[in-house]
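Heads up: the structure comes next, in structure tokens.
Numbering (UniProt numbering), first residue to last: 1 to 521.
Written out as structure tokens, the structure reads:
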């Protein structure tokens, strides 16, 4: 019994460590320890290498639930079976050892299927394709906007010598009848007085002497002259509208609100401004005349190359939609001024040339056509690249046209114009001042065309009256055409606003000489 007692007493002690060992090794042996706790104890003592991880039964098979696959096995699982997929080709390149044959295969494209670059996805490719198509849509949308701006400038310019003389005569009749003129009549009298005084001053300038002075300059000096005159034209135009508006407001205000000294000072400033601006335009017209009538193509090439500097100045810089609107206004005015310059050159050529030969007509026509075509092509290329680099859609030009059309229709309402021209607000926002350009035309016609007319004979006066009537009819037709274009654009704007849920108000209050961002066009 002693031995039995000893064995019985020692068996529990020996059984307990065996039970504990079985618990630690086999989690299923103890009902008190759950599988999660046992798994946690086992994971803390598991080897980190995948090869050392074995099943609990010791068979050497790996446990798929707890063991991790090797990098080579994971690569085999992730590589797709399709040999035409880019991932499969990349995996083959990664597996292949670098060698000269692999290099030539990559260069010749023998080992891979054609696919788009890795840094481009479907959205990027679609955007690039859309940018290419928009590049060719820009000229059509741009020309619609520039045509509207060109016609608006033409309407405002023709107004100066068609209906303005009638309005001035009406205002003078009111003064002679001892009636108080209205603010609109005061405005007309001031414009008529400024035009008469500046025209009288410019008639003292000898245009032939100025022509030869410009012609005798070297090519480098002429290039500098072109750039200086263009900058001065923009500076004068930016001040002109403010100066004239200050003068008109001074005349329209009551006697208690204005002083005579202030009104006279505004009048003198306006007179000096119109004189200086007209001189700048006069020298520009002379430079164009020299370039077109030169025997060699050097000056004409210089004139064309000056447009490429404009292309360089506008394309390679950041441009928002507001800046693009200013560029469009500047292009419309520049194209209209170019048309007036070429018309003056053609008029002088017709008056001075007695005999026209076929070679003379072809040479002169080629020069005029080269200037016009170059101006249009430069505008197309400039706007196409500006919209491409800044990711602006071509339909933004339709929005610009809608803004000008809305302003045109608003001025047609009763009492909205307040005695002004119908398109005054449109041309004012575009930055076009018609008085200096009109004085330039008076200067050229009075000195070059008037001697060719027989004004001593009634036929000469009859010809002048007929020309005036033709321009009056043309003014009416252009005004009707602009109203029709504005109405159609307004309908398009309503349709687009209904489809898009509202209008873009970013361009409200933006004019040609309004500072936006870091530049004024």
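For every residue, glycine included, the Cβ atom is placed at its ideal position computed from N, Cα and C.
Using CA atoms only, rank isn't needed, just tell me which of the options is closest to residue i.
i           : options               : result
residue 140 : 408, 397 and 304      : 397
residue 144 : 376, 455, 212 and 412 : 376
residue 136 : 409, 379 and 445      : 379
residue 426 : 452, 107 and 333      : 333
residue 152 : 428, 494 and 465      : 428
residue 262 : 465, 275, 246 and 471 : 246
residue 148 : 316, 494, 226 and 483 : 483
residue 388 : 236, 410, 443 and 324 : 324
residue 217 : 193, 291, 234 and 172 : 291
residue 400 : 336, 238, 467 and 328 : 328
residue 275 : 393, 237 and 251      : 237
residue 222 : 305, 370, 390 and 391 : 305
residue 393 : 131, 107 and 100      : 131
I need the DSSP call for residue i, collapsed to helix, strand or coil.
i           : result
residue 128 : helix
residue 310 : helix
residue 317 : coil
residue 277 : helix
residue 163 : coil
residue 371 : helix
residue 183 : helix
residue 301 : helix
residue 267 : helix
residue 379 : helix
residue 344 : helix
residue 432 : coil
residue 178 : coil
residue 144 : helix
residue 189 : helix
residue 492 : helix
residue 294 : coil
residue 462 : helix
residue 353 : coil
residue 395 : coil
residue 206 : coil
Out of curiosity, what's the CA-to-CA distance linking residue i and residue j?
i           : j           : result
residue 455 : residue 447 : 14 Å
residue 49  : residue 109 : Unreliable positioning characterises residue 49 in this predicted model, as indicated by a pLDDT of 47, which lies under 50. The coordinate reading is nonetheless provided below. Distance between the alpha carbons of residue 49 and residue 109: 41 Å.
residue 479 : residue 154 : 10 Å
residue 352 : residue 438 : 22 Å
residue 265 : residue 412 : 34 Å
residue 162 : residue 126 : 53 Å
residue 374 : residue 338 : 12 Å
residue 184 : residue 212 : 43 Å
residue 319 : residue 307 : 19 Å
residue 172 : residue 157 : 22 Å
residue 165 : residue 191 : 10 Å
residue 134 : residue 430 : 25 Å
residue 146 : residue 228 : 25 Å
residue 434 : residue 194 : 12 Å
residue 230 : residue 287 : 11 Å
residue 485 : residue 402 : 10 Å
residue 160 : residue 475 : 11 Å
Validate contact between the region 268-275 and the region 195-202 using beta carbons, cut 8 Å, 3 pairs:
yes
Tell me, please, whether the region 479-497 touches the region 403-412 by the rule of three or more beta-carbon pairs shorter than 8 Å.
yes
contact_flag[the region 462-471, the region 353-373] where n(CB pairs < 8 Å) is 3 or more:
no
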